[in-house]
């Protein structure tokens with residue numbers, strides 16, 4: 002079976018003392034203050050593993066303009082950006098497997114490139130290398146999305162009068178099942194779970210047009226929320242401020258005019274900023290603060 006734990010992590014996995022993991026036999030043990038504590042032997046690579054080290058992972062191309070990713074990125078294809086910045090909040094080393102082109106602006110971060118590059122250097126650096134196995138990473142992310150899809154639901158999802166309400170009472174992990182149609186029909190998503198717990202939202206369906214949606218969080222923060230979309234291949238987000246991490250490993254993402262607060266794990270990122278001169282979706286560094294232990 003699976004185990005779950007929450008963690009404030011530094012670097013890749015962050016295996017520090019944590020709260021919120023069921024015990025090895027499916028129950029939970031209680032520590033000081035009544036919060037659940039995880040057994041020390043649960044300190045293993047979680048389902049996200051290497052991907053945790055990056056704000057954004059695309060297993061293929063990443064095209065965007067007039068925006069930024071506040072943390073590091075890992076790009077399995079080509080990285081084409083215009084007036085774009087990386088790592089302002091969480092500086093580190095980004096990775097590109099293919100070619101890297103920066104059409105306007107300067108590189109003020111550290112990046113390793115497997116192909117060629119055409120950039121203007123600022124305070125950062127570009128070096129040659131291929132330190133990430135993107136084929137393996139893509140497989141790991143797809144496997145993780147299906148393993149998360151097997152988690153049992155324990156929360157309530159209700160769509161009423163244009164508001165999708167997700168409510169749970171578990172102190173550790175609250176699991177919800179929704180469809181892409183429910184997300185498209187909702188003008189607001191309200192999430193009510195205990196503070197310090199996590200919310201896993203499993204999304205079924207192959208296509209999602211997520212437009213002009215507001216988020217109302219009760220108890221949860223963006224770092225506590227995880228959206229898993231194992232089937233979605235066509236994903237569009239616009240005029241939206243997504244709260245939480247999105248795992249859609251098969252998705253071609255078109256992201257205009259909005260922001261995502263968490264990690265983003267997709268196949269491709271396609272922005273229109275370089276064509277229309279308008280800002281593409283911004284990825285804010287709000288890392289998922291919990292671990293899914295296999």
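Residue numbers (the working numbering): 2 to 295. Note that beta-carbon positions come from the ideal geometry of N, C-alpha and C, so glycine has one too.
For the 8 Å CB-CB criterion, residue 224 and residue 288 form a contact.
Per the DSSP secondary-structure output, residue 55 pairs with nothing in a beta bridge. Within the same chain, 163, 164, 165, 214, 215, 216, 217 come within 8 Å of residue 189 by CB-CB distance, once the 5 residues on both sides are set aside. With fewer than 16 other beta carbons inside 10 angstroms of its own, residue 140 counts as exposed. The DSSP-derived three-state label of residue 144 is helix. For residue 174, the uninterrupted beta strand (DSSP E) segment begins and ends at 174-180. DSSP places residue 238 in no alpha helix (DSSP H) but in the uninterrupted beta strand (DSSP E) bounded by 235-244. For residue 159, the enclosing beta strand (DSSP E) covers residues 157-161. A Cβ-Cβ contact shorter than 8 Å links residue 267 with residue 59.
In the structure shown, residue 135 falls within a helical segment according to DSSP collapsed to helix, strand and coil.
Pairing residue 175 with residue 233, the inter-Cα distance amounts to about 22 Å. Annotation for residue 268: the continuous beta strand (DSSP E) segment containing it runs 265-271.
According to the DSSP assignment, residue 66 belongs to the beta strand (DSSP E) that extends over 63-70.
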